[in-house]
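Structure, as structure tokens:
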Amino acid sequence: MGETVFFSVVIPTYNRQPILSKCLRALEVQELSAVSSTSYEIVLVDDGSTDGTLEWLAAHKEEFPHVRWFEQDHAGPAAARNLGVKQALGDTIIFIDSDLVVLSNFLQAHADALVQGKEKLGSDRFFTYGAVINTCNFDDPTGEPYKITDFSAAFFATGNVAIPKHWLEKAGLFDTRFQLYGWEDLELGVRLKELGLILIKCPAAVGYHWHPPFNLEQIPRLIDQEIQRGHMGVLFYQKHPTWEVRMMIQMTWLHRLLWGILSLNGVLNERTMAPFLQWLINLGKPQLALEIARIFLNWYNVKGVYEAYEQENGE
């Protein structure tokens, strides 16, 4: 395997300094095989953080020899990733989020999968997609086991993906109109699929996606995210008016019926379910509480999609 792979790991970040430090430290201790001559840089784009991220980086720069960082005014992850790709020196881009902590074989696993994929397909018209395991364990994020809820059917999700840079440029990078929460990566995925790219799973490249343990105070923000995701979903559908996208953004009578029934037409909501969710949290089951909260969160998402669609078409 004499092929050289030079990765640019592109990471957008916004007010995530504590977990970002774990993310970057994990990337600095990568174990690379001498045979495959893999090398890498980390391209960090600060999206207007106000939590001292840049000051922290400047104070600890000797700890992070692979990191080059850039800053922009707060414009969202799509714009931040585009800046990262433009500044990247590598021929292959890896996208991860700044709350993802990877294992020490992470880069090598992607490198091996890329080389094997090229040999098998005879071209580089593909990307590799690693595994993402959700965890709320800040002290030991990589100690979390894989759960059925960690499964993802997404075609192109930027949580853990490696792709030749020239395909991103040919597809036109991320659409920066996706400024609210959601869909900017899956929309680019539709354009990559149109270019004939395929997904090769790379389960050995594991990243642990940390988020704070679920509590009831997070609910208003989560509801707001679902409404934003609904609105961005309509932009996604306007660009690609297909049944497949309608299914992805939950803009079908089926989803309306499903989440309507599951939420008892909105009777099961953040107020009526709060005592039960709090009971689960008190039992030490915040992840289960979050999965159950998705009943009404999804209902907000579906309503957000239809509200945005009606606004667009009512004008």
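In the numbering used here, each residue carries its 1-based index in the sequence shown increased by 4.
Even glycine gets a Cβ: it sits at the ideal position worked out from N, Cα and C.
Just tell me which of the options has its CA closest to the CA of residue i.
i      : options                           : result
Val210 : Asn164, Lys174 and Glu316         : Asn164
Glu67  : Leu28, Thr42, Val49 and Pro81     : Leu28
Asn219 : His170, Ile296, Leu268 and Phe11  : Ile296
Lys307 : Leu177, Ser267, Gly288 and Glu221 : Ser267
Ala135 : Ala117, His235 and Glu274         : Ala117
Phe178 : Glu123, Trp283 and Glu191         : Glu191
Lys174 : Lys197, Gly186 and Asp77          : Lys197
Evaluate residue i with the Cβ neighbour count: other Cβ atoms within 10 Å of its Cβ, from every protein chain shown; 16 or more gives buried, anything less gives exposed.
i      : result
Trp393 : Not covered by the structure: residue 393. The range shown for the chain is 5 to 319.
Met5   : Because the pLDDT of Met5 is 44, which lies under 50, any placement of that residue in the model is unreliable, and the question is left without a value.
Phe280 : exposed
Pro22  : exposed
Met277 : buried
Tyr150 : exposed
Val33  : exposed
Met251 : exposed
Ser156 : exposed
Trp247 : exposed
His235 : buried
Check for me: the beta strand (DSSP E) holding residue i runs from which residue to which?
i      : result
Glu46  : A small correction: the amino acid at residue 46 is Ile; Glu does not occupy that position in the sequence shown. Start and end: Thr42 to Asp50.
Glu230 : No beta strand (DSSP E) contains Glu230, which is instead part of the alpha helix (DSSP H) from Ile223 to Lys243.
Arg109 : Residue identity check: residue 109 is Asn in the sequence provided, not Arg. It is not in any beta strand (DSSP E) - Asn109 carries neither H nor E in the DSSP assignment.
Ile100 : Thr96 to Ile100
Would you mind stating whether residue i and residue j have Cβ atoms separated by less than 8 Å?
i      : j      : result
Gly121 : Thr132 : yes
Ser102 : Pro16  : yes
Ala312 : Gln183 : no
His70  : Leu31  : yes
Phe130 : Leu201 : yes
Ala158 : His114 : no
Just to confirm the assignment, what range does the alpha helix (DSSP H) spanning residue i have?
i      : result
Ser25  : Gln21 to Glu32
Val309 : Pro290 to Gly318
Pro217 : Note, Pro217: premise wrong, no alpha helix (DSSP H); not H, not E.
Val13  : From DSSP, Val13 is part of no alpha helix (DSSP H) but of the beta strand (DSSP E) over Val9 to Thr17.
Thr57  : Thr57 to Ala63
Extract the residue ranges of the beta strand (DSSP E) inside the stretch 144-212, only unbroken runs of 3 or more that lie entirely within it. 164-168
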